[in-house]
Amino acid sequence: MMAAVDSTVLVSLVEDFVSGLQDSKARDTATGVKDGQFTILQVVEALGLSLTSSQVTTRGRGVQMLSEVVQECCRQISVKEVEVLLAFYENRLKDHHVITPHVLLGLKALSKHPALPPGAAVSMLRSIFQDVHVQSLMLAERNVVYTILVNLMDSRETELKSLGSDFVFGFVQSMDGERDPRNLLLTFQIATEIISRGYDMGKFVEELFEVTSCYFPIDFSPPPNDPHGITQEVLILALRTVLTGTPLFAEFLLPLIIEKLDSDVQTAKVDSLQTLAACVETYQQQHLAEFLPGLWASLRREVFQTTSEKVESAGLATLAAITSCLSRSVLSSDSEDGLSVFLQLVLSDCKHHLAEPDLKLVWPSAKLLQAASSTSYRASHFMTAAVIPSLMEQYNTRTQCSQRRTVLDVLQGFIQPPKNSPAVEEESVLLPFRESLCAVVFSAVLENSGSLQITATKVLTALGQHTGLLMDADVQQAVDHLTRLILQEKDDKVSVAVVECSGALSRQHPAAFISTMIPQLKEHISLEPMAQGDSNTLPTEQLSHHALRRRCLSALAAVSSHPSVVQESTPVLLEVLSSAHTGAVCFSVEEVVASCQSLQSIAQRAQDTEETARCFHDVIIPRLLSLALQAALQDEDSGSRSPLVEPAVLSAMVPVISTVCSRFQPQLAVQMVSRLVSLFLDGDVSCLPDNSFPSDVQLLKGASSSRLSQLVCLLMGCVCSLPRTMEVPQVDRLLSELEELSLACLHPFSYTSAAKCYAGLLNKRPAGEALDSLVQRLMKRMCSQLESSSPLRIQAFTLLLWVAKALLLRYHPLSTTMTDKLFCLLGDGELGSLAAEGFSLLMSDSPDVLNRACHADVRIMYRQRFFTENSAKLVQGFNAAPPEKKSSYLKALSHIVNNLPKQVQLTELPALLHLILEALSCPDLEVQLSTLSCLQPVLLDPPAVLVQQLEALVSRLLALTTSPAMTVRSASLRCVHAVANFPEHEVMPFRSRVLRALSKPLDDKKRLVRSEAVRARGEWFLLGSPGGR
């Protein structure tokens, strides 16, 4: 009875689908099959009359229903049913073409069946290749055919390979003439699999190449808002994978590339060159030999004649790839050395241009020769033997510095070691030329030409990178010259180049720098300006001596990467700090700051070894702390003031400590933080080298000397730079002391540093009730202090600002409470301006705390999130504020928007346009400049709402062109220039008005303003004129 009912239901479903055109009945039938109500064979039986009908439409509906059910129920179909369906579908492929698409959908479903019977894949493909003309199908049906091929290649590779070259021939016929980019990606994928999986191409190699290479080079521009996301680059890479996949294509591909390089289209040239570079990675000499002259002629032409850097770069990379291919090819006893032949070809066309350093072809020729020599030892040996002697002769015979510099620049290209040097290097190819190269470099260093000296330092750096090339005597002479230039050369550019060269050489040859350069640098750093002459020192001489000290300090940092150098250079810098403190040598605050910066630079660049870490842990940081504490304890009435009590110096010490502590191994970090916490909480001075300090020293008491309390910044450098997983000892007590110091201290630098330290620790505290209760209690105290008439309101505001930043960075829920309080303070008469400035701190990166380098908890896109959640509050506050308070809201808005990523600015600024226009009228110059910098990118692609406000925009921009601030005048002129690119019919009414207004900036006293005015006026002048934009 049940079977009869099911049969009736099935027949009804079939009739409704076939005759009633109710497509949903196919899904209902599939549901029945899945539920076991009936089988696929019963569905076929019920469709019998429809499948054998004389009406094409009826047969088509029947096959369509069957295929849709098969697609839905593929996993439930048995092997026997698969055989029946396969036989049926193969037979139906011979039917009317209207039925073919439905048959292909059924075959697509069967091609994914996990239990496809043996031989079914071959049978299916033979039927498709014989009975279906693929390119006469619609796009979607062609896609189905290619998908069937992909499915079968993934699951039935062995069976398909049994077809031999017939499979390749069938595929070639199927894709021949395909034009749709979606289908082309599939066909390129199939072709790639044919090549990479070793399918037998037989005599159809050329046919497979021709059917794919007809698309080379790809010229495709996707339609706007393309939902498929297919780009020209995607197609190019897919086709390149096919064309470069096998050396069997070499005899067809190389002539094609030579032909395509004659194209006038830059993208076609670049594609051809990159494809050539890719294919030679799989080729051998025998594949290239016949085409080398033609390939070289094309490459030479592209590099010599091109005006495009992309084409030149691709051409040089391709030349290097060809040389690499020829270098690794295995030669037989009777074969010609293709590398030598090719390099001789390159030399014959390029070498003679090197003898003409004034002509434009010297650089293209040098680049070609360098590219050819850079990929292998054999090629480098061949080229240097041919080129280096010629360049040496050129340098020695030329007398003009410009020509000598050109020769040296070219020489550097040949000396520079290749980026991917082999693991086991043979002796340097430059070894035979060592003496003459060193003589040339040292001769150039002695010249009076700064540009020649700079180039010589680059060549010397390159020579030093060759292991074993420079002898000890050469290194010593080089260090002598570099030291002399550091001490005597006043040209800043030369000094920078010399310092960079010294840093590079010191990594390979530390001993020479320890014995020669560092002692002389130390001597000149310690010299007083009066020691430079017998008479009184002139102001210019004093400035020159300060510049010399700065150069010496910079050089000390640059050469200190090797641990042995660090051991010698850091005591010199510590001695500077000590002498500055004691007054033994007179150092300015700026020089002391520079010494701290050099220590930080050493901490960053020094090799991360146990020896270096111990040096900083045991010597440098304790010494810094000791000197700072000695200076703080110095009697203020003594008449002498140590530079080490200056906030600028202490601020420069912080990065030294934070950089070192952030790189410490856990064991050293734990020891260091424990010592510092004990020092600041308990006055434990036992960790300091000079243990003559009083035992009751209190560093975190606001009532104590400001000189002592400001040392909290050094504590911040340590405890706030540790990883979040590392626990700070006595952290609760520490937080309590920092809270008191930040809220009760009267010294600005002290309470600000305490607030930053508190925020840095809070940011890394684990989430939970303890943190929430701590923040809530702190918030109550800060609000109470802010809402009172206490003279300590600014201290509470400072702590509020830094704590808000600490919580905002980690997305803590209570950060909203903090930032809402800051918004409320924008209307405060005393703190409103400071609150507005505070939003710059909230949104920008802090250099010394709460940044990723200090392991702070910084979530991605916190700025965008803050803007999204608070922009409406800002607008509401602005609208409700009295006129005299509105400037604070505008300043806050400018700081928030200016720190957003540019793309977010472009999206969000139109909604805030009325506030932006108000900000342009704000008398605060900082607000004006910040707003203009945000506005300019939007003006380049203006939204409709901006065009509607053109009158107000132009009026405000023109008013700012006469601002007293040069930066505001320049920025407003750039915006006026951008407005000229609005739709012409919109801006034409303003043309005469703008031109009159721009006449005054044309006579501005500042050249940068005049140049901006000229560009803006020229753009507006051309509006509406023949030949204008």
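Each residue of the sequence shown is one higher than the one before, counting from 7 in the numbering used here.
We put the CB at the ideal spot given by N, CA and C, even for glycine.
Around the Cβ of D1010, a 10 Å sphere holds 16 or more other Cβ atoms; the residue is buried.
Taken in chain order, the complete alpha helix (DSSP H) segments of 4 or more residues contained in the segment 740–776 are 754–770. If you check the CB distance, H568 and S512 come in under 9 Å.
Pairing D137 with T312, the inter-Cα distance amounts to about 51 Å.
Q791 counts as buried, since at least 16 other C-beta atoms from the protein chains shown sit within 10 angstroms of its C-beta.
Assigned with DSSP and collapsed to three states, C726 falls in coil, not helix or strand. In the DSSP assignment, L113 falls within the alpha helix (DSSP H) that extends over 106–117. Annotation: the continuous alpha helix (DSSP H) that includes A256 extends over 256–266. Taking C-beta separations shorter than 6 Å and ignoring five residues to either side along the sequence, the partners of R1023 in its chain run L1004, following chain order.
For the alpha helix (DSSP H) assignment, the uninterrupted runs of no fewer than 4 residues enclosed by the segment 273–361 are, from N- to C-terminal side, 291–294, 298–311, 315–334, 344–356. Rounded to whole angstroms, the separation of the alpha carbons of L979 and S601 is 42 Å. Apart from the 5 residues on each side of it in sequence, V662 sits with its Cβ closer than 7 Å to the Cβ of C602, L605, Q606, A609, L630 in its chain, given in chain order. When Cβ pairs closer than 8 Å are counted between the two stretches, the segment 494–504 is seen not to touch the segment 525–533, the count staying below three. Of the residues G38, Y95, L27, D29, the one whose Cα lies closest to the Cα of T14 is G38. Under the DSSP assignment, Y868 falls in the alpha helix (DSSP H) whose first and last residues are 868–886. Put simply, the backbone Cα of I421 is about 42 Å away from that of F215. For S168, no alpha helix (DSSP H) encloses it, and the DSSP letter there is neither H nor E. In the structure shown, N231 falls within a coil segment according to DSSP collapsed to helix, strand and coil. Distance between L714 and L706, taken at the CA atoms: about 8 Å. Exclusion of the five residues before and after Q272 leaves S314, K316, V317 as the residues of its chain whose Cβ lies within less than 8 Å of its Cβ.
Pairing L813 with V781 gives a Cβ-Cβ distance under 9 Å. Taken in chain order, the whole alpha helix (DSSP H) runs of length 4 or more contained in the segment 922–979 are 931–946, 950–954, 956–966.
As the crow flies, the alpha-carbon of R246 is around 29 Å from that of R384.
Nearest neighbour of L91 by Cα position, chosen from P943, T874, L111, H587, turns out to be L111. Counting only the Cα atoms, L113 lies some 20 Å from D172. Spatial neighbours of I224 in its own chain (CB-CB distance under 8 Å, excluding positions within 5 residues in sequence) are listed in chain order as Q238, L241, I242, L245, D277.
Shown here, V651 sits in a helix according to DSSP, grouped into three states.
Check the Cα spacing between L906 and each of Q195, S712, L848, E574: the tightest is with L848. When the Cα atoms are used, K167 and Q909 turn out to be separated by approximately 52 Å. Counting along the chain, S584 sits inside the alpha helix (DSSP H) bounded by residues 569–588. Taking the CA atoms as reference points, F988 sits about 39 Å from E308. For T731, the secondary structure class from DSSP, reduced to helix, strand or coil, is coil.
Cβ contact annotation for L72 (same chain, cutoff 7 Å, sequence separation greater than five): V49, V50, L53, G112, in chain order.
Unbroken alpha helix (DSSP H) stretches of 4 residues or longer found wholly inside the segment 374–412: 383–403, given in chain order. Here DSSP, grouped into helix, strand and coil, assigns S60 to coil. Around V591, the same chain offers S532, E534, S585 as residues with beta carbons nearer than 7 Å, after the five sequence neighbours per side are excluded.
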